[in-house]
Structure formats: structure tokens, C-alpha cells
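This report refers to the structure that appears directly beneath it.
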Amino acid sequence: MTASTWGLLALFLAALAVLAWPVGKFLAALCNERVPRWMQRVEAPLYKLAGIAPERSMNWRTYALALLAFNLVGAVAVYALQRLQGMLPLNPAGMGAVSPDSAFNTAVSFVSNTNWQGYAGESTMSYLTQMLGLTVQNFFSAATGIAVAFALVRGFARRGDGAGSKGLVGNFWADITRITLWVLVPLSFVLALFFVGQGVIQNFDAYKDVATVETTAFQQPKNGADGQPLKDEKGAPVMEDATTKTQTLAMGPVASQEAIKMIGTNGGGFFNANSAHPYENPTALSNLLQMIAIFLIPAALCFAFGHVVGDMRQGWAVLAAMTVMFVVAVMVITPAEQGGNPLFASLGVDQVSSALQSGGNMEGKEVRFGIDASALFAVITTAASCGAVNVMHDSLTPLGGMVPMVLMQLGEVVFGGVGSGLYGMLIFAMLAVFIAGLMIGRTPEYLGKKIEVREMKLISIAILVTPILVLAGTAVAVIAGAGKAGIANPGAHGFSEILYALTSAANNNGSAFAGLSANTPFYNGLLGLAMWLGRFAMIVPVLAIAGSLAAKKRLPVTSGTLPTHGPLFVFLLIGTVLLVGLLNYVPALALGPIVEHLVLWK
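Quick note: the sequence shown uses the working numbering, first residue 824, plus one each step.
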């Protein structure tokens, strides 16, 4: 890695730490349900209108049922908006109804905080659908993840009275209201203003036709005398040559969606090119702000965790484990991309960085960002559960492309999504103390709460659900004819495209290798199922663990208690994440990016 790479990484981490600390303190106050009176007065009409008693805490079952019902209603609403958008206002481009399978996939995608997009936003979704459906779910899905993290942290912090405790974990309706109203909306508003200042568009204008400097030649379907497209004997459309001197530029309310897309680690872009599009990410400063925004709340939640449990060292330990794995990932992907393609070297192509060229593997990357910022963005967006991209992952080198895939397969815990990163890492922390307990012959404890049989069964479910979805889904896709039909590239790379898609869906990331034709009934259904189960089949066990911990007595620290705040525990936690999170995927990785790397560098 070059000095400029280290400089960019240091700048990013320093800015992140400075901004995340105050946000973490405020999140801790919300988690402790210490809301100032003026905020309570603002909230009161909302609770009265909905008939909610915010002071009434729920047990984990009630909390989970409320969460599932809320998200199910959201999925139905987003589906209906897509199917009816042709008859609804704020549709200047005249977008028609989205197909049933694509609408189902998109509804599940945005409700589950995955934001997988099998469509091109600027040519599929109306302004109303983008704002009322997709952007609203960007807020609610992010708030759902933070609410689950709050419930689990309360489980550690509360001093239960043993079997007699009800294991109360908070009020879901109060949590999601306060998180949305006092955290996500203000942060998104400020960030949207910054984006507009950098050149991100925000309007309701109709799409604009502009004259191009050069004439563009292209092919289009040829119509017959009846005006219908002609087809050859195989059923394929007959194409004809055409030229144009104009280009259509899409408009829309982009900045407002872009802000919560990043703050909420959602990732779904207004445009198909996502954060590689100049209307979504126009400058180097906007690129840096987007990267900081992705990690802001996940990092802040680590500080909030320390505040709530009464020991900031615990929050620092979790944050340190995340940061070490993140830096290592950057150290792997950046040299892989800077090294370029060895096949070009054999052809005499100069790939060395110089004053006249960036060098390395620039395929699929924006020249205005270069390899360093593009590689860093790729790591951040897959370390977090975001899925936004400013570089086409399908064009990364095999080793470079494996890094985002592995980060997702670890369970999205290297900072991770808002809420989901923290509760995912705490699941691994409990597993780590269980493993340590087996080594020393002592009942495992974490933050004074015993980790017993019930918790370990739930932890096993939460950890294994995503590998099962990824590997079983990949197996189905490579066997089924409809699955193989979507592969654009043969061999190991084609397998990587499928593995990446299922990994992204089941881990609620949303980024794609892009070489897979996934907007088909088969993939829309398969990936939709993986997204829903990957989100909620993990959330329910996590809430069950929160309820169980909340009911337990908090034991005092003794000389035999395993310290969970020092370097030893940090590396134990990292080892657990790598061993358990990654071991399931080694055979699949060997069939995809690993063998492709070996063939390329033979």
C-alpha cells in the first residue's frame, strides 16, 4: 500500500472517531430511555394518535411480534406502490407497473435493509415510489436494526431477579419512533444539505433531453408494418442500426434518498450506477462523506454499548475487533487492485502508476476516485450492511472481489449495518466466552450474565441461518436451469457471481457482482426468500437471547471472571469470527475466487 492509501485510511478513521463519539452518547441516552422532556412533548401526540403507552416495556415475544407485524405491513405497502405506480402522481416519466416478481423482491429487499436492486431505478421507479416506498423503508428498516441492538444491550445491562423476572427489553413502538425522529431524520437532513452543496441533484423535474457533442450509434429492436417488434425464427428480437444526437438525463429527488441510503446502511441507489453516478456522488469530498456516513452509526453504537453497560472498555474492545478486521481487509484488496492484471503485462501493456496514469486494475472504476478510494469504498460498503457501490465489483481482480464476499460471509459484523453489526458481533462475543469457558472449565459469563444452554442454542441458530441460506441457495441456483441461464460468465467467475448474490441477499448487504442476470422470476423469488429469512430468522433468536439475559441476575466480577475488555479478548473475538463465520464458506470460495486467482496468476 502506498503512502496516499495509508493517509486516506487514517483520515477516514480519525473523522469517524470524532463524529461517532457524540452520536454514541445520544444513542446511549435513547437506549436507557432517558429522553428530555421537550422530546417527550413532541412525541406525545404521536403516541396518543397510535394508542401507544411508551413507558410500558415489552417482553421479547411481544417485542418480536410488534417488529414482525410492522415490517410485514411495510412490505405490503412497498409492493402495492410499485404495482400501482402507473396510476399514481409524481410520475413525470410515465413509469408503468413493476412486474409482480420484481415488486416482491424489491419490497422484501428494502424492508429487510438489504436494498438489493434487480432493476434500474431511473427507468423503473416513479418519484412517488422512490420517496414514499423506498426512502421511507430506508428509515424504518434502519430503525428496526437499531431497535434490536437496543433490546440486546438492555438484556446485558438490566439486573434481573432470576426466574421471577419477565425479561423486559423495552417498547418497540417507542424505540422505532425515537430512533427515526431523533437520530435518522436529523442526520439525514444535515447530510442531504451537504450533498446538495456538492452537486447531488434534488428536484421534481421531468427528465431532460440534451444535445450530445458526438453522434452515438446503437442498435434497437426493429418494428414491422403493424408497429410490433419483429422476431427471428428463434424468437429473438430483430435489431437494426440507429443513431442519435441526444441523451436523456434522469432527474429526481436524489439527495434526500442518498442521505438515508448511507446513514441507514441501506445502499439502494436512485440510479442504476449507484454511487458511481455523478448525480449521486459527484466529488471526492462527497465520496468521503458517504464512506463516513456508512460507518457512523455502527461505530457510534459501540460507544453506546459501553455507556449503557457501564464499562466503556467493553465498547472499545468490540470497536477494536471490528477495526482490526477492517484494516486488514483494506490491506488485502488495495494491493490486489494496484497490482493490475498479469495477462495485460504479457501483452506489453503498461500498468505502472505514474504522473500520466493511475495504473493497476482500473476496469469498472471511476477515474475521479481512483483505486485507493474505490477499494476503500468497496470494503466499507460490504463490511457494513450497506451495498452502495462506487466501483463495479464484478470488475475487481479475483482476490479483490473475494474481500467484499468474505466480509459479508463473516456475518456483516465488521462494523456491520446499523444495529445488526453490533448485535451480530455481540453474538460472536458470547460464543467466544463460551469457547474460552470450555478451555478453562468454567461456566461462561459475559458482562456478568451467564451464557447457558438456552443462550447457546439460540446463538447457534443466529449464526448458522445465513450460511445455510447462502450455500443451499447457491446449490439450487447452479443446479436449476433458470439459475444457470442468468450466468453471464462461464467457469469460476460465473460461480462467484451466484455465490456473491446469495451471500449479499442472505446477509442483507445488497451489493452485486453485476454479471448475473438476476431480474427473473427465479432469482427474484430465491433472493427475496433469502433476504427475508436472513433478516428476521436472525432477529427473532437475538430478541429471545435479549429476553433471557434480561431475566438473569448480574453476577459480580471475581478473580475467576474472564476479562472481556483487553487485547487478549479482542483477538479471541476476532479468531472466533474468522473461525466460525468463515469456515463454512471455504469450499465454496475455493470453487470461485480462489481458483480464479490461481488460474489468473499461474
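Each residue gets a CB set at the ideal place from its N, CA and C atoms; glycine is no exception.
Given the structure is predicted, the values throughout are model-derived calculations rather than measurements.
Residues of its chain near residue i, where Cβ-Cβ distance is below 8 Å and the 5 sequence neighbours each way are ignored
i       : result
Leu904  : Leu911, Leu951, Thr952, Leu955, Gly956
Leu1405 : Val1229, Gln1232, Leu1233
Phe1251 : Gly1234, Val1236, Ile1286, Leu1396, Thr1399, Val1400, Val1403, Gly1404
Glu1275 : Thr1266
Gln1180 : Asp1173
Ala1311 : Gly1317, Glu1320, Gly1338, Leu1339, Ser1340
Arg879  : Asn994
Leu1124 : Gly847, Leu850, Ile969, Ala972, Val1241, Gly1242, Gly1244, Leu1245
Asn1330 : Ser1208, Met1231, Gln1232, Gly1234, Glu1235, Thr1289, Val1293, Gly1357
Phe927  : Tyr902, Asn1347, Gly1348, Gly1351
For residue i, the nearest candidate out of the options (CA to CA)
i       : options                            : result
Cys1027 : Phe1167, Ser1098, Ala1048, Ala916  : Here residue 1027 turns out to be Phe, not Cys, going by the sequence shown. Closest by alpha carbon: Ala916.
Ala1073 : Phe962, Ala833, Gln863, Met918     : Met918
Thr828  : Phe1192, Pro1364, Pro1313, Met1248 : Phe1192
Leu1378 : Ala1168, Leu872, Lys1188, Leu1270  : Leu1270
Val1212 : Leu1349, Lys989, Lys1084, Thr1038  : Lys1084
Lys1068 : Ala1099, Gln1042, Val1036          : Val1036
Leu1254 : Lys848, Lys1188, Ile1284           : Ile1284
Gln1070 : Tyr1102, Val1077, Ala1329, Val1033 : Val1033
Phe1336 : Ala1373, Gly1224, Val1422          : Gly1224
Pro1364 : Lys1280, Lys1045, Ala840           : Lys1280
Gly1383 : Gly1309, Leu1219, Ile1263          : Ile1263
Gly990  : Val858, Val1418, Ala1373           : Ala1373
Lys1376 : Leu1007, Arg982, Gln1042           : Arg982
Val1006 : Gln1043, Ser1169, Leu853           : Leu853
Gly1260 : Thr1066, Gly944, Val841, Leu1385   : Leu1385
Pair within 8 Å by beta-carbon distance, residue i and residue j
i       : j       : result
Ala1207 : Val1288 : no
Val1147 : Met1248 : no
Gly1210 : Asn1332 : yes
Leu1322 : Ala1411 : yes
Gln863  : Val901  : no
Val1155 : Val1226 : yes
Leu1112 : Phe1017 : yes
Ala1015 : Ala1078 : yes
Ile1203 : Met1114 : yes
Ala1324 : Leu1352 : no
Pro1416 : Pro1221 : yes
Ser964  : Gly1087 : yes
Ala1198 : Thr1157 : yes
Gln1080 : Thr937  : no
Outcome for residue i when other beta-carbon atoms lying within 10 angstroms are tallied against a minimum of 16
i       : result
Asp1195 : buried
Gly987  : In this prediction, Gly987 scores a pLDDT of 42, lower than 50, which makes its location untrustworthy; the coordinate-derived value is nonetheless stated afterwards. Exposed: under 16 other Cβ atoms inside 10 Å.
Gln1051 : exposed
Gly1075 : buried
Thr825  : exposed
Gln1137 : buried
Thr1039 : exposed
Asp1064 : exposed
Phe835  : buried
Ser1334 : buried
Glu1268 : buried
Phe962  : buried
Gly1047 : exposed
Thr1003 : buried
Lys1272 : buried
Gln908  : buried
Own chain partners of residue i with C-beta closer than 6 Å, once the 5 adjacent residues on each side are dropped
i       : result
Ile875  : Trp996
Met1135 : Gly1129
Ala1369 : Trp883, Ala974, Leu975, Gly978, Val992
Lys1425 : none
Ile1362 : Val971
Leu1053 : Lys1045, Gly1047, Val1061
Lys1307 : none
Val921  : Gln905
Leu839  : Ile1115, Phe1118, Ala1122
Asn1407 : Pro1290
Cβ-based neighbour list, residue i, same chain, cut-off 7 Å, excluding 5 preceding and 5 following
i       : result
Ser925  : Gly941, Tyr942, Asn1342, Asn1347
Phe1238 : Phe1118, Pro1121, Ala1122, Met1145, Phe1149, Ala1206, Ala1207, Gly1244
Gly1183 : Glu1160, Gln1161, Gly1162, Gly1163, Gln1174, Ser1176, Ile1194
Ala843  : Leu1119, Ala1122, Ala1123, Phe1126
Evaluate contact between the stretch 1012-1031 and the stretch 1097-1106, counting only Cβ atoms and requiring at least three cross-stretch pairs below 8 Å.
-> yes
Would you be able to state if there are at least three C-beta pairs under 8 Å between the stretch 1123-1134 and the stretch 1094-1104?
-> no
Report yes or no: do three or more beta-carbon pairs, one from the stretch 926-940 and one from the stretch 860-869, lie closer than 8 Å?
-> no
Answer yes if the stretch 993-1012 comes into contact with the stretch 1380-1396, meaning at least three C-beta pairs across the two stretches below 8 Å, and no otherwise.
-> no
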